[in-house]
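Peer 1: Taken in order, these protein sequences are the chains called F and D.
All you need for this note's numbering is the position in the first sequence, starting with 1, plus 4.
All you need for this note's numbering is the position in the second sequence, starting with 1, plus 64.
Please see the structure below; I have some questions.
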Amino acid sequence: EAGVAQSPRYKIIEKRQSVAFWCNPISGHATLYWYQQILGQGPKLLIQFQNNGVVDDSQLPKDRFSAERLKGVDSTLKIQPAKLEDSAVYLCASSLGTGAYGYTFGSGTRLTVV
Amino acid sequence: QQQVKQSPQSLIVQKGGISIINCAYENTAFDYFPWYQQFPGKGPALLIAIRPDVSEKKEGRFTISFNKSAKQFSLHIMDSQPGDSATYFCAASMYGQNFVFGPGTRLSVLP
Numbered sequence: 005e006a007g008v009a010q011s012p013r014y015k016i017i018e019k020r021q022s023v024a025f026w027c028n029p030i031s032g033h034a035t036l037y038w039y040q041q042i043l044g045q046g047p048k049l050l051i052q053f054q055n056n057g058v059v060d061d062s063q064l065p066k067d068r069f070s071a072e073r074l075k076g077v078d079s080t081l082k083i084q085p086a087k088l089e090d091s092a093v094y095l096c097a098s099s100l101g102t103g104a105y106g107y108t109f110g111s112g113t114r115l116t117v118v
Numbered sequence: 065q066q067q068v069k070q071s072p073q074s075l076i077v078q079k080g081g082i083s084i085i086n087c088a089y090e091n092t093a094f095d096y097f098p099w100y101q102q103f104p105g106k107g108p109a110l111l112i113a114i115r116p117d118v119s120e121k122k123e124g125r126f127t128i129s130f131n132k133s134a135k136q137f138s139l140h141i142m143d144s145q146p147g148d149s150a151t152y153f154c155a156a157s158m159y160g161q162n163f164v165f166g167p168g169t170r171l172s173v174l175p
């Protein structure tokens, strides 16, 4: 089966600019996650969707980050305005459903804010 | 309580040796403990996972040992190979949700 697709692979922006990342999960996977992985650290959950509804966004900095999953398939994560500390790899993952143990990650988008 | 601690931060092992990575958690509500392997430029990939009702799980050269009373679990890689060189993350979750990852261990296996 095809994996989790993410684009772009790399992005460099200046602070205070906006940026958007796109994720296409594995076909049929109802649950989609966005993680932030800062260099040298483990991934940190930003938001979890079940179909097109938000299950958990408690760690999403809502003053600058937003995410949507229209039609319960693709998802976009946006940062506006970006800060230097947002430099990280943004990983998308999907699973069959909540409670489906273990899920599949995409290769991520590496964001550098200068 | 949501934190997962992991050690060592980095590990160098000779080819054929045993690599051991340790993790500890506080929240007794965690019921699923996976290990992920991440190569540079790639997302983490599930390696092996265990539930707290068993003390050990083995898949090929990879074994998880789980100590429920101590709230610790570890990954053992037997006959380590240069291709095993990667960053390894332990994680814990409740009901398959709310995954909490450790900070990672960078493993280098020397030829």
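Built from N, CA and C at the ideal position, the CB exists for glycine as well.
#1: Mind pulling the chain F residues with CB within less than 7 Å of Asn131 (chain D)?
#2: So what does His140 (chain D) bridge to, in DSSP terms?
#3: Check whether the segment 78 to 90 of chain F touches the segment 140 to 158 of chain D, counting contact only when three or more Cβ pairs, one atom from each stretch, lie closer than 8 Å.
#4: Quick one: is Phe126 (chain D) near chain F, going by C-beta distance under 7 Å?
#5: Classify Lys75 (chain F) as helix, strand or coil using the three-state DSSP reduction.
#6: Between the alpha carbons of Glu123 (chain D) and Arg20 (chain F), how many angstroms are there, rounded?
#7: Can the beta-carbon of Ser111 (chain F) be found closer than 7 Å to that of Lys121 (chain D)?
#8: Helix, strand or coil for Asp60 (chain F)? Go by DSSP, reduced to three states.
#9: State the DSSP-derived secondary structure class of Leu88 (chain F), mapped to helix, strand or coil.
#10: So what does DSSP say about Pro98 (chain D), is it helix, strand or coil?
#11: Chain F beta carbons: is any one of them nearer than 7 Å to that of Pro108 (chain D)?
#12: Chain D partners of Gln45 (chain F), CB-CB under 9 Å?
#13: Is there contact between the segment 43 to 53 of chain F and the segment 158 to 171 of chain D, where contact requires at least three CB pairs shorter than 8 Å?
#14: For Phe94 (chain D), go through chain F and note every residue whose CB falls closer than 9 Å to its CB, in chain order.
#15: Hey, how far is the Cα of Ser79 (chain F) from the Cα of Gln78 (chain D)?
#16: Could one say the Cβ of Phe153 (chain D) lies closer than 7 Å to chain F's Cβ atoms, at least one of them?
#17: What number of angstroms, rounded off, separates the C-alpha of Cys27 (chain F) from the C-alpha of Ala156 (chain D)?
#18: Is the separation between the beta-carbon of Ser71 (chain D) and that of Leu171 (chain D) shorter than 7 Å?
#19: Between which two residues does the beta strand (DSSP E) carrying Leu100 (chain F) extend?
#20: Output yes or no for whether 7 Å exceeds the beta carbon distance between Trp38 (chain F) and Leu74 (chain F).
#21: Is there a C-beta anywhere in chain D that falls below 7 Å from the one on Leu95 (chain F)?
#22: If I measure Cβ to Cβ from Ser119 (chain D) and keep anything under 6 Å in the same chain, skipping five residues before and after, which residues do I get?
#23: With 16 as the cutoff for other CB atoms within 10 Å, does Ile76 (chain D) come out buried or exposed?
Peer 2: Checking against the coordinates, here is how it stands:
#1: Within 7 Å Cβ-Cβ: nothing; Asn131 (chain D) doesn't reach chain F, min ~20 Å.
#2: D:Ile84 and D:Thr127
#3: For the pair of segments examined, the segment 78 to 90 of chain F was found not to touch the segment 140 to 158 of chain D: the number of CB pairs separated by less than 8 Å stays below three.
#4: no
#5: helix
#6: 47 Å
#7: no
#8: strand
#9: The answer is helix: DSSP assigns Leu88 (chain F) an H, G or I state.
#10: strand
#11: Pro108 (chain D) counts as touching chain F.
#12: Phe165, Pro167 and Gly168
#13: yes
#14: Per Cβ cutoff of 9 Å: no residues; Phe94 (chain D) is ~12 Å from chain F at best.
#15: 43 Å
#16: Yes, Phe153 (chain D) lies at the interface with chain F (some Cβ there is under 7 Å from its Cβ).
#17: C-alpha separation (whole angstroms): 24 Å.
#18: no
#19: Leu100 (chain F) -> no beta strand (DSSP E), and no H or E assigned at all.
#20: no
#21: Taking Cβ atoms only, chain D reaches closer than 7 Å to Leu95 (chain F), which makes this a yes.
#22: Phe130
#23: When all chains shown are included, Ile76 (chain D) counts as exposed.
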